[in-house]
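Data block below; observations after.
Here it is, written out as structure tokens:
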């Protein structure tokens, strides 16, 4: 059934509005200063704005990557996506309303965008659409790990079919791969995945991921995690699904953080396969359903600390 849907997920497609790029994540934290220290000293992001109980952080490219807000519970509450400059938010709001989705137009709610349109996905995460961005800081000097960008995010959800349908029909995401029937990888641009969803007993963030330059950068990230008292809970290794090299650890709020490089690229949707790489299993490598036993190319198995995230 999933294989059939992947074949039907072909170019071209229709949706309410096409998400072009993952913007930033809003993370609630019970200890703002502790999380800020982690994301500035170790990750290497730059604080570009602060308000009472809130902070905004940018990547090395100067793009907004993380918004932090003080709260009782650590969780991801919102995601932003960039859309084309010619998108009419009023028309998008009408289309959303026709599908029973309430939305709200806002002004000056982000340091990078004057106007945004906000609504919620089926699991309750706020989705914020914005057009264009301004470079927030000249951060070309590397501090800490210094990722290239906020690359993707994964959630555990209680109804994976409903969430997949929403991201396909509302935001124009495509299914890149599945692991059996419980784990889907979805893309909104050339990157193999921007949002991942895992079937589970409750809805919450599984992990957040930052792209690095290459394998050398990944090795340096692992060194810095260890030197700062952290522990690699899975990796280094290479996934078969997406074929990215990876290493995972936990941040100050116990969120799982992934650093990765060499993610598969779908540069031509009409061709329907990823840019060929010698470490692929199929030639050409197309979207498919993988068995759990096939999901690792090489590396050590995940630790119990990593595996417990899905079953909490």
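Residue numbers (the numbering used here): 859 to 1170.
Note that CB positions come from ideal geometry on N, CA and C, so glycine has one too.
Distance check for residue j and residue i, CA to CA, integer angstroms please.
i            : j            : result
residue 897  : residue 1095 : 23 angstroms
residue 1088 : residue 1066 : 16 angstroms
residue 1241 : residue 1098 : Past the boundaries of the shown model lies residue 1241; the chain is included only from 859 to 1170, so the question cannot be answered.
residue 1164 : residue 1105 : 11 angstroms
residue 883  : residue 923  : 7 angstroms
residue 1125 : residue 1049 : 8 angstroms
residue 1082 : residue 1004 : 11 angstroms
residue 872  : residue 1027 : 7 angstroms
residue 961  : residue 947  : 10 angstroms
residue 1153 : residue 1159 : 11 angstroms
residue 889  : residue 1134 : 44 angstroms
residue 874  : residue 1102 : 30 angstroms
residue 1075 : residue 958  : 45 angstroms
residue 1156 : residue 938  : 33 angstroms
residue 1120 : residue 941  : 25 angstroms
residue 991  : residue 956  : 29 angstroms
residue 943  : residue 971  : 12 angstroms
residue 949  : residue 1013 : 29 angstroms
residue 885  : residue 893  : 10 angstroms
residue 975  : residue 963  : 5 angstroms
residue 1045 : residue 1128 : 15 angstroms
residue 916  : residue 954  : 30 angstroms
residue 1145 : residue 920  : 32 angstroms
residue 1047 : residue 987  : 15 angstroms
residue 910  : residue 903  : 19 angstroms
Around the Cβ of residue i, are there at least 16 other Cβ atoms within 10 angstroms (buried) or fewer (exposed)?
i            : result
residue 1009 : buried
residue 1122 : buried
residue 918  : buried
residue 1143 : buried
residue 1141 : exposed
residue 1064 : buried
residue 1086 : exposed
residue 881  : buried
residue 1137 : exposed
residue 914  : buried
residue 1109 : buried
Using 9 angstroms as the threshold, is the C-beta distance between residue i and residue j below it?
i            : j            : result
residue 1024 : residue 966  : no
residue 995  : residue 1055 : no
residue 989  : residue 973  : yes
residue 1149 : residue 984  : no
residue 1030 : residue 936  : no
residue 969  : residue 907  : yes
residue 1084 : residue 1035 : no
residue 932  : residue 1072 : no
residue 891  : residue 912  : no
residue 1002 : residue 901  : yes
residue 1132 : residue 1080 : no
residue 1042 : residue 1033 : yes
residue 928  : residue 1006 : no
residue 1166 : residue 1061 : no
residue 1053 : residue 1115 : no
residue 1058 : residue 879  : no
Under the three-state reduction of DSSP, which class applies to residue i: helix, strand or coil?
i            : result
residue 1115 : strand
residue 877  : coil
residue 1161 : coil
residue 1001 : coil
residue 1123 : strand
residue 1018 : helix
residue 1027 : helix
residue 1076 : helix
residue 898  : helix
residue 1070 : coil
residue 1095 : strand
residue 1089 : coil
residue 1062 : strand
residue 1033 : strand
residue 930  : coil
residue 1084 : helix
residue 1138 : coil
residue 1155 : strand
key: Length-filtered (3 minimum) beta strand (DSSP E) runs lying within the stretch 934-999   = Runs of the beta strand (DSSP E) inside the stretch 934-999: 961-968, 971-978, 984-989.
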